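Single-structure report; data block below.
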DNA sequence: ATAATAGTTGACCGATTGGTTTATTTCGCG
DNA sequence: CGCGAAATAAACCAATCGGTCAACTATTAT
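Chains as they are written, first to last, in the numbering used here: chain Y, 3 to 206; chain R, 3 to 206.
Right, here's the structure in full:
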């Protein structure tokens, strides 16, 4: 009946970018509206609060990156290769972000999640939920690797959480140090964590 | 010549606690002054800005916890025991914090560091500097363990950063999930990361 | 065509933000 | 003692915060 609008997506895009680049607290609703080129009245037509917007932004972002994960973690790819591709992707993506805005940004779930945990319960829960979804990719890759005798991981759920924590910690450090270097060790660290048998495939 | 004051310490104490419990952005100067029972005029007599206060708070906190690290990481303690004691301490401390304020708070360096990185360069640098100081404890423990053939860590510096990243990631996850559970796996994860030889000392 | 409705706009709000100012109080030291 | 500098107090500031509102506009199903 009425007209259609893309303001919602423009707002979630702007919010994700701005809050990722700085922080939830330092990003004002006015900033977001300005970047999205949407007036504040429209903002509150679509979202009931700034927190509500951020929750929608995290979900929208997940729906986008999920496709990448489905690709990288396809069961047709050998399990350890999935992980290796993932680590490589993380490095590439952060490299790209650094070129685009001069900063290593880390993971938007983790930085925003740990910023607002004690204040905005909704955002915290959404971040936690999305993290849980992602860990499933790691988990099944690790389970497959274990089934093939490539790693020693009788409990893939726990191992997946460990690898995820290690990656998040490394991303956080990369953000704080504004350096890509820590990200180059992701594979080596994860291989240790997983007890990957035989480090080197001994050339081709 | 003039009178002495403990307002400085009261302010750094209050700032560290409040910002740790919520966040840098969500903690106002007024909040800090109220908690410290110090008037704002005095605040700006001692510190030139809110960021300046937080930098001082992080440094003051380090000077306090450093003593604990010196104790836990004493060279008189077997190297792997140092790490085990450290993981145990992290769990105990977070348990205590949860009892005191109902929340798993994680690491104040990491949460505040990753919140303000792109905005308050001074805070970021201070957090990074203190992290660097701490990693030295891990590094020498790992180097000693390697020298004794307990772990496979030819490059203790890199391994130390890996273990630290893993611990930080786990703490961040514990904060976001408001759960102590992930912290119980610290030893198992770190042992994997370090390639500790023989998992069990086979009873006494 | 038009009525109903989703979307848009910009002015507006009280509260709070980080920070300043000026006057006053305190007290160690010569 | 009393001087001078450090510390305190409270009032004050412009700017910004998240959020509201009523009027207005564009669309589209009928």
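The C-beta atom is built at its ideal place from N, Cα and C for all residues, glycine as well.
Predicted model, so just to flag it, every value in this text is computed and none were measured.
Short check: CB of residue i to CB of residue j, under 9 Å?
i	j	result
residue 21(Y)	residue 114(Y)	yes
residue 53(R)	residue 11(R)	no
residue 89(Y)	residue 159(Y)	no
residue 182(Y)	residue 120(Y)	no
residue 74(R)	residue 87(R)	yes
residue 195(R)	residue 185(Y)	no
residue 71(R)	residue 136(R)	yes
residue 147(Y)	residue 77(Y)	no
residue 112(Y)	residue 173(Y)	yes
residue 16(Y)	residue 38(Y)	yes
residue 106(Y)	residue 179(Y)	yes
residue 176(R)	residue 108(R)	yes
residue 27(R)	residue 25(Y)	yes
residue 55(R)	residue 140(R)	no
residue 153(Y)	residue 79(Y)	no
Which residues mark the beginning and the end of the alpha helix (DSSP H) in which residue i is found?
i	result
residue 33(R)	31 to 38
residue 67(R)	52 to 74
residue 226(R)	Beyond the ends of chain R as shown, which are 3 and 206, falls residue 226(R); an answer cannot be given.
residue 185(R)	Run containing residue 185(R): none; DSSP gives neither H nor E here.
residue 44(R)	42 to 48
residue 14(Y)	9 to 23
task = Could you run through the segment 110 to 126 of chain R and flag, in chain order, every residue whose CB is less than 8 Å away from some CB of chain Y?
result = Cβ contacts with chain Y: 112, 113, 115, 116, 117, 118, 119, 120, 121 and 126.
ask   = Could you give the uninterrupted runs of the alpha helix (DSSP H) lying entirely in the segment 82 to 164 of chain Y, keeping only those of 4 residues or more?
value = 110 to 118 and 123 to 149
task = Pull out every residue of the segment 123 to 153 of chain R whose Cβ sits closer than 8 Å to any Cβ of chain Y, in chain order.
result = Residues of the segment 123 to 153 of chain R with a C-beta atom less than 8 Å from some C-beta of chain Y are 126, 129, 130 and 133, listed in chain order.
inquiry  = Which residues of the segment 7 to 36 of chain Y have a Cβ closer than 8 Å to any Cβ of chain R? Give them in chain order.
reply    = 23, 24, 25, 26, 27 and 28
task = Scan the segment 74 to 99 of chain Y for residues whose Cβ lies nearer than 8 Å to a Cβ of chain R and list them as they occur along the chain.
result = none
query = What residues in the segment 155 to 170 of chain R have a beta carbon less than 8 Å from any beta carbon of chain Y?
reply = 160, 163, 164, 166, 167, 168, 169 and 170: these are the residues of the segment 155 to 170 of chain R whose beta carbon lies less than 8 Å from some beta carbon of chain Y, given in chain order.
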